[in-house]
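Engineer: Quick one: the structure is below, and I'll ask about it shortly.
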Amino acid sequence: MGRRLLLEHDNVPGIETFEVYRKQGGYRSVEKALKSMSPEQVVEEVQKSGLRGRGGAGFPTGMKWSFLAKPEGVSRYLLCNADESEPGTFKDRYLMEKIPHLLIEGMIVSSYALGANTSYIYIRGEYMWVLDILEKAIAEAYASGFLGKNILGSGYDLDLYVAPGGGAYICGEETALIESLEGKRGNPRMKPPFPAVKGLWGCPTVVNNVESIAAVVPIVNDGGDEYAKIGLGKSTGTKLISAGGNLVRPGVYEIEMGITVEEFIYGDDYCRGIANNKKLKACVPGGSSVPILPAHLVTKTAAGEDRLMTYESLADGGFASGSMLGSGGFIVFDEDQCIVRNTWNFARFYAHESCGQCSPCREGTGWMEKVLYRLEHGQGNMRDIDLLAEINKKIEGNTICPLGDAAAWPVAAAIRHFREEFEWHVNHSEEAQKRNYGLLKEVASA
Amino acid sequence: MVKVTIDDVQIEVEPGTTILSAARQIGGDVVPPAMCYYSKLPGTGGKCRTCLVEVAQGSEKDPRPMPKLVASCSTPVMDGMVVKNKTSERVHDNRGGVVEFLLINHPLDCPVCDQAGECHLQDLGYEHGSAKTRYEEERRKFDPIDIGNKIKLHMNRCILCYRCVHVANQLTDKRVHGVLHRGEHAEISTYIENAIENDFSGNMIDVCPVGALTDKTFRFKSRVWFLKPMDASCSCTKCSGKAVVWMFGNEIYRVTARKDAYGEVEDQDGKAGWICNDCRFDRKDVSNWTIEGPRKINRHSVISQGQYLSPRDTQKQLTDGNK
Amino acid sequence: MGSTHIDLSKRHTEKPAFSPERMAEVQALIAQYPEGKHKSALIRILHMAEEDFGGWLSIETMDYVAEVLNIQPIEVYEVATFYTMFNLEPTGKYVFEVCRTGPCMLVGSDQIIEYIGEKLDIKVGETTKDGMFTLKTAECLGACGYAPMLQCGKKYHEHLTKERVDEIIASYRAGEVPN
Chain A
313 MGRRLLLEHD NVPGIETFEV YRKQGGYRSV EKALKSMSPE QVVEEVQKSG
363 LRGRGGAGFP TGMKWSFLAK PEGVSRYLLC NADESEPGTF KDRYLMEKIP
413 HLLIEGMIVS SYALGANTSY IYIRGEYMWV LDILEKAIAE AYASGFLGKN
463 ILGSGYDLDL YVAPGGGAYI CGEETALIES LEGKRGNPRM KPPFPAVKGL
513 WGCPTVVNNV ESIAAVVPIV NDGGDEYAKI GLGKSTGTKL ISAGGNLVRP
563 GVYEIEMGIT VEEFIYGDDY CRGIANNKKL KACVPGGSSV PILPAHLVTK
613 TAAGEDRLMT YESLADGGFA SGSMLGSGGF IVFDEDQCIV RNTWNFARFY
663 AHESCGQCSP CREGTGWMEK VLYRLEHGQG NMRDIDLLAE INKKIEGNTI
713 CPLGDAAAWP VAAAIRHFRE EFEWHVNHSE EAQKRNYGLL KEVASA
Chain B
9 MVKVTIDDVQ IEVEPGTTIL SAARQIGGDV VPPAMCYYSK LPGTGGKCRT
59 CLVEVAQGSE KDPRPMPKLV ASCSTPVMDG MVVKNKTSER VHDNRGGVVE
109 FLLINHPLDC PVCDQAGECH LQDLGYEHGS AKTRYEEERR KFDPIDIGNK
159 IKLHMNRCIL CYRCVHVANQ LTDKRVHGVL HRGEHAEIST YIENAIENDF
209 SGNMIDVCPV GALTDKTFRF KSRVWFLKPM DASCSCTKCS GKAVVWMFGN
259 EIYRVTARKD AYGEVEDQDG KAGWICNDCR FDRKDVSNWT IEGPRKINRH
309 SVISQGQYLS PRDTQKQLTD GNK
Chain C
-15 MGSTHIDLSK RHTEKPAFSP ERMAEVQALI AQYPEGKHKS ALIRILHMAE
35 EDFGGWLSIE TMDYVAEVLN IQPIEVYEVA TFYTMFNLEP TGKYVFEVCR
85 TGPCMLVGSD QIIEYIGEKL DIKVGETTKD GMFTLKTAEC LGACGYAPML
135 QCGKKYHEHL TKERVDEIIA SYRAGEVPN
């Protein structure tokens, strides 16, 4: 097992309370930053750490912070994106549920770095019980002088609040999140202007994922250079991976960037292999929106090298033979799973979650879902497979926000790597209609 | 001033100008079509994606091309930017895709739609659409709702441009309609039965690019191309009183605002020439109006066919006008 | 209205009103936002209103929330219809929202949904005759590693099996919240 920077104390009893968290060394980074560092120095450490946004896009956090506009007399805001909704991803929930004070600590240090005096954690509405946990922890932090006026006598003031969503994946997109936080429909905004210039209520705003903000704590404690020593190349530090699907031991793991995919799937410290002694068929390594990889491209790249758990290695081969680390939602498929059914399932998800604002996404996601439904249920034809690929191309890159791409990529990749399975559904229409829950195995044995 | 090149035509514009409005300053066929953007309604644009263009050079300083097509209605020009609209294969291809998306769920009811002849989706389909559909699924249908005795909402035809919502926000004091639900179920609605009644609510009809919002007082009265549009004015206390009356013989069939080549209301006395509901719905008698003369309609429009103007007639009108 | 077929004839007969304690909570919530930005509190207040006024948002409830926040009713309708958590029609006492997305499906959520339907003799979207249970499906609820799962109120029930579903239903029937 590698080093754990975020979840080191996740199993300490009572770690959700201020008292125990503090005893384990919690809130040191706040003391350090507020007493001995300028906001710019905190930003500098984050830049040195090479931390990349943990929500999915992987944009360097320090760079994002450096873009924040700082006009005189205008409030700035830090928003924490806790709208975790990408299928396959449940790491932020784990972190907030288990160690709420880690997020709060990160919010204080990050808000200080950005010069924000009011910050909000926007959490998906379904995590309402996690909201309760966070609010309890925030109240403790206020009572202990880590939030509110003149924190630790430094002269720095910060108010921190939690706001729930109401059930909408799209609010994980940062401008949709801002709209939602303003009490509106979660329609993503046109960019430019970017939130760093015009965000919440028109003010400069930074939106960061829960895990990114939590990672600021060890970065400030140990220094950005120390953090950057962990990992490989531009994939620095540790990463929370949510592992789900047909695994012996699914769950949330903190990995050092750079371990092999092989070790992650089969290693004793991690998922311990495919459940029920089945074989690996495919893997979606970074949440439902990233391209699916067939078994032979999961643990090895197309060039035959070991596939590693890094941004670069998972993307090796581009869209032809690679995928993405994304949000770290690692979904594993065993040999019995039907790729067409899963592709339809994901397409249904994106059609359901499209805000409906721009035409390619509103119409295109719904169209793909319907065509995939027909294919999966044995009512498709060969033309449909090419049609899907074409609808795909017309959505990709043409929408207001990345939801269009997120909907398009999984379909394109599934057809690219598992075309014969789509064709099977056309050629064996009756069997496809009769199958129970889409399992190919049951057809074979029938 | 900043320099921008659109389809090989160079123009200097104010900093902050969008690509679309720079293109409109050039005019002609370098102008991308826009179904949701409406220059007189701040906040509109970006949604329909018909105005996507290729930026072949970002600016003088940073000449890299932009990787994705951009919405010309909401992307500001940079000095030295090079934009491709009609000269880009990619733009043409993707615009065709957008038109297909807009049409897959659009009803094929042009023969009974009052908007026919002045419908922007028709124009777009004619220029960029294909003759056959690849859509085999059932078209989306919404339950009809009644939004009052002046405006007819036909949600099945709506392309969700949001223009009417902006009209309600910007021209009326109390918005009662909006976009409800989401994704492909999103719809313009009042939720509860609620009449949209306000002195300026009728402008929703003028901004609607399709036949989703039409004039109930004109419903099924005539095809627009059988009517003669005439510039007319009246002394109205609520609006500028400058409108277009659509006539058949000596009868006024409907009243609309005066619109420019892009279907937007023209400025009157220095501000957007929105007309009030009294002018639009209630002043249907010729005696209410001073007729100024025939409205110039783009000769490509089907409406111009209805003006029965031979070159000699035009000459006669000009001479009459000079008397 | 429209394609989503909400039955708007279902109404509250009395005008809803928050209790003084709840109203104090609402005011505290509004105070979390700068002056004039009170609309930001809307989504959370809708959650509260749903909890207080029968588990769903009637037109009366939404109009009341609009009044509390001093915004137009349409602004509330727009938001309430956008977010899937809000019930726009009355539901059963307990609403089972079973996750149906990919990772849950891979480990049998389809079978669980079918089983709950059989067990309660209802289809997805329906409520049992005794008004106890409503069965719904939901998109990814962030429990992929503990799948299959369902949400009921604030509670997540994870690692579902048919036996586990039996236990959960029996507990709710007995008026207890299952572990």
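For the record, the sequence lines run as chains A, B and C.
Reading the first sequence from the start, the letters are residues 313 to 758 in this note's numbering.
Reading the second sequence from the start, the letters are residues 9 to 331 in this note's numbering.
Reading the third sequence from the start, the letters are residues -15 to 163 in this note's numbering.
Glycine included, each C-beta is placed from N, C-alpha and C at the ideal position.
#1: Could you check if E20 (chain B) is buried or exposed, using at least 16 other CB atoms within 10 Å of its CB as the buried criterion?
#2: When you compare the stretch 381 to 394 of chain A with the stretch 548 to 560 of chain A, are there three or more beta-carbon pairs, one atom per stretch, that lie closer than 8 Å?
#3: If you pair each beta-carbon of the stretch 28 to 46 of chain C with each one of the stretch 58 to 65 of chain C, do three or more pairs fall below 8 Å?
#4: What residues in the stretch 96 to 120 of chain B bring their beta carbon closer than 8 Å to a beta carbon of chain A?
#5: If you draw a straight line from the alpha carbon of V755 (chain A) to that of G638 (chain A), how long is it in whole angstroms?
#6: Alpha carbon to alpha carbon, how far is V187 (chain B) from E195 (chain B)? Give it in angstroms, no decimals.
#7: Counting C-beta neighbours from all protein chains within 10 Å, is the total for F145 (chain C) 16 or more, i.e. buried, or is it exposed?
#8: Go through its chain and collect everything with a Cβ distance to N206 (chain B)'s Cβ below 6 Å, but skip five positions before and after it.
#9: DSSP on F256 (chain B), reduced to helix/strand/coil?
#10: Is the separation between the beta-carbon of P73 (chain B) and that of V63 (chain B) shorter than 8 Å?
#11: May I ask you to report which of helix, strand or coil DSSP gives L77 (chain B)?
#12: List, from N- to C-terminal side, the beta strand (DSSP E) runs of 3 residues or more that fit wholly inside the stretch 415 to 442 of chain A.
#13: From A124 (chain B) to H114 (chain B), what distance separates their C-alpha atoms?
#14: Report all residues from its chain with a CB closer than 8 Å to the CB of K54 (chain B); omit the five preceding and five following residues, and keep chain order.
#15: Mind checking if G337 (chain A) is an interface residue toward chain B, Cβ cutoff 8 Å exclusive?
#16: Buried or exposed: where does I567 (chain A) fall if 16 or more other Cβ atoms within 10 Å of its Cβ makes it buried?
#17: Counting only C-beta atoms, is L179 (chain B) closer than 8 Å to chain C at any point?
#18: In three-state DSSP terms, what is M89 (chain B)?
#19: Taking N704 (chain A) as part of the alpha helix (DSSP H), name the residues at either end of that continuous run.
#20: Anything in the stretch 52 to 73 of chain C with a Cβ closer than 9 Å to a Cβ of chain A? List those residues in chain order, please.
#21: When DSSP labels each residue in this structure, what does I27 (chain C) get in the three-state scheme?
#22: For G516 (chain A), go through chain C and note every residue whose CB falls closer than 7 Å to its CB, in chain order.
#23: Using a cut-off of 8 Å between C-beta atoms, extract the partners of S601 (chain A) located in chain C.
#24: Which whole-angstrom value describes the C-beta separation of C216 (chain B) and R171 (chain B), a residue pair presumed to lie in contact below a C-beta threshold of 8 Å?
#25: Would you say G257 (chain B) lies against chain C (beta-carbon separation less than 8 Å)?
#26: Give me the Cα-Cα distance between L90 (chain C) and T121 (chain C), rounded to the nearest whole angstrom.
#27: Could you pull out every unbroken alpha helix (DSSP H) segment of at least 4 residues lying fully inside the stretch 588 to 672 of chain A, listed in chain order?
#28: Which same chain residues end up closer than 6 Å to T622 (chain A) when comparing Cβ atoms and leaving out the 5 residues on each side of it in sequence?
#29: Measure the alpha-carbon distance for E727 (chain A) versus I305 (chain B) and round it to whole angstroms.
#30: Mapping DSSP to helix, strand and coil, what is A526 (chain A)?
#31: Under 7 Å Cβ-Cβ, which residues of chain A neighbour A131 (chain C)?
#32: Quick one: what does DSSP say Q33 (chain B) is sitting in, helix, strand or coil?
#33: Sorted by chain position, which residues of the same chain lie with C-beta nearer than 7 Å to E409 (chain A)'s C-beta, five sequence neighbours on each side aside?
#34: Excluding sequence positions up to five away, which residues of its chain have a Cβ less than 6 Å from the Cβ of A724 (chain A)?
#35: Please list the terminal residues of the continuous alpha helix (DSSP H) segment that includes D471 (chain A).
#36: Suppose only complete runs of 3+ residues qualify. What are the beta strand (DSSP E) ranges in the stretch 480 to 531 of chain A, listed by chain order?
Structural biologist: Concretely, from the data shown:
#1: Here residue 20 (chain B) corresponds to residue number 12 of the second sequence, with the count starting at 1. E20 (chain B) should be labelled exposed.
#2: Counting Cβ pairs under 8 Å, fewer than three are found: no touch.
#3: Contact holds: three or more Cβ-Cβ distances are below 8 Å.
#4: For the stretch 96 to 120 of chain B, the residues whose beta carbon sits under 8 Å from a beta carbon of chain A are, in order, N102, G105, V106, E108, F109, L110, I112 and N113.
#5: Sequence index remark: in the first sequence, residue 755 (chain A) carries index 443 (1-based). Sequence index remark: in the first sequence, residue 638 (chain A) carries index 326 (1-based). Note that V755 (chain A) has pLDDT 41, beneath the 50 cutoff, so the model's placement of it is unreliable and the number below is only indicative. C-alpha separation (whole angstroms): 34 Å.
#6: As a first step, residue 195 (chain B) must be located in the second sequence, where it is residue number 187. As a first step, residue 187 (chain B) must be located in the second sequence, where it is residue number 179. If I take the Cα positions, the gap works out to 5 Å.
#7: The count along the third sequence starts at 1 and reaches residue 145 (chain C) at position 161. The residue you asked about is not Phe; residue 145 (chain C) is Thr in the sequence shown. With a threshold of 16 other beta carbon atoms within 10 Å, T145 (chain C) falls short and is exposed.
#8: The residue you call residue 206 (chain B) lines up with position 198 of the second sequence. Around N206 (chain B): T180.
#9: Numbered from its first residue, the second sequence carries residue 256 (chain B) at position 248. Strand.
#10: Within the second sequence, numbered from 1, the residue matching residue 73 (chain B) stands at position 65. Within the second sequence, numbered from 1, the residue matching residue 63 (chain B) stands at position 55. V63 (chain B) is positioned such that its CB atom lies closer than 8 Å to that of P73 (chain B).
#11: Your numbering for residue 77 (chain B) matches position 69 in the second sequence. In the structure shown, L77 (chain B) sits in coil (DSSP, three-state: anything other than H, G, I, E or B).
#12: You should have 430 to 435.
#13: The residue labelled residue 124 (chain B) in the question sits at position 116 within the second sequence. The residue labelled residue 114 (chain B) in the question sits at position 106 within the second sequence. When the Cα atoms are used, A124 (chain B) and H114 (chain B) turn out to be separated by approximately 13 Å.
#14: Position 46 of the second sequence, counted from the start, is the residue given in the question as residue 54 (chain B). In the sequence on display, residue 54 (chain B) carries Gly and not Lys. Excluding residues within five positions, the ones whose Cβ falls inside 8 Å are C44, Y45, A79, C81 and S82.
#15: Translated into positions along the first sequence, residue 337 (chain A) becomes position 25. At a cut-off of 8 Å between beta carbons, G337 (chain A) makes no contact with chain B.
#16: Your numbering for residue 567 (chain A) matches position 255 in the first sequence. Burial call: buried.
#17: What you label residue 179 (chain B) is simply residue 171 of the second sequence in a count that begins at 1. Not closer than 8 Å to any Cβ of chain C, the Cβ of L179 (chain B) fails to qualify, so no.
#18: As a first step, residue 89 (chain B) must be located in the second sequence, where it is residue number 81. Note: M89 (chain B) maps to strand in three-state DSSP.
#19: Position 392 of the first sequence, counting from 1, holds the residue named residue 704 (chain A). Per DSSP, N704 (chain A) belongs to the alpha helix (DSSP H) from M694 to I707.
#20: Of all residues in the stretch 52 to 73 of chain C, the ones placed with a Cβ closer than 9 Å to any Cβ belonging to chain A are L53, I55, E59, E62, V63, A64, T65, F66, Y67, T68, M69 and F70, in chain order.
#21: As a working note, residue 27 (chain C) is residue 43 in the third sequence. Note: I27 (chain C) maps to helix in three-state DSSP.
#22: Position 204 of the first sequence, counting from 1, holds the residue named residue 516 (chain A). For clarity, residue 516 (chain A) is Pro in the given sequence; the question names Gly instead. What P516 (chain A) touches in chain C: nothing, since even the nearest Cβ is about 15 Å away.
#23: For the purposes of this step, residue 601 (chain A) is taken as the residue at position 289 of the first sequence. Those do not exist, as S601 (chain A) stays about 11 Å from chain C at its closest Cβ, beyond 8 Å.
#24: Taking the first residue of the second sequence as position 1, residue 216 (chain B) is located at position 208. Taking the first residue of the second sequence as position 1, residue 171 (chain B) is located at position 163. Confirmed, about 7 Å.
#25: The residue you call residue 257 (chain B) lines up with position 249 of the second sequence. G257 (chain B) does not count as touching chain C.
#26: Here residue 90 (chain C) is taken as the residue at index 106 of the third sequence, counted from 1. Here residue 121 (chain C) is taken as the residue at index 137 of the third sequence, counted from 1. Each residue's alpha carbon lies about 16 Å from the other.
#27: Qualifying alpha helix (DSSP H) stretches, in chain order: 623 to 627, 630 to 633 and 651 to 665.
#28: Here residue 622 (chain A) is taken as the residue at index 310 of the first sequence, counted from 1. So the qualifying residues of the chain are L544, S547, M569 and G570.
#29: As a working note, residue 727 (chain A) is residue 415 in the first sequence. As a working note, residue 305 (chain B) is residue 297 in the second sequence. The question names Glu, yet the displayed sequence has Ile at residue 727 (chain A). Here the C-alpha atom of I727 (chain A) lies approximately 49 Å from the C-alpha atom of I305 (chain B).
#30: Working through the first sequence from its first residue, we reach residue 526 (chain A) at position 214. Three-state result, A526 (chain A): helix.
#31: Start at 1 with the first residue of the third sequence, and residue 131 (chain C) comes out as number 147. Simply G556.
#32: Taking the first residue of the second sequence as position 1, residue 33 (chain B) is located at position 25. Here Q33 (chain B) carries a helix assignment [DSSP, helix/strand/coil].
#33: Numbered from 1 along the first sequence, position 97 holds the residue referred to as residue 409 (chain A). Cβ neighbours of E409 (chain A) beyond the five flanking positions: V442 and I445.
#34: Locating residue 724 (chain A) in the first sequence gives position 412, where the first residue counts as 1. Hits under 6 Å: N704.
#35: By 1-based counting over the first sequence, the position of residue 471 (chain A) is 159. In the DSSP annotation of this structure, D471 (chain A) is not part of any alpha helix (DSSP H); the continuous beta strand (DSSP E) holding it starts and ends at D471 to P476.
#36: Whole beta strand (DSSP E) segments, 3+ residues: 517 to 521.
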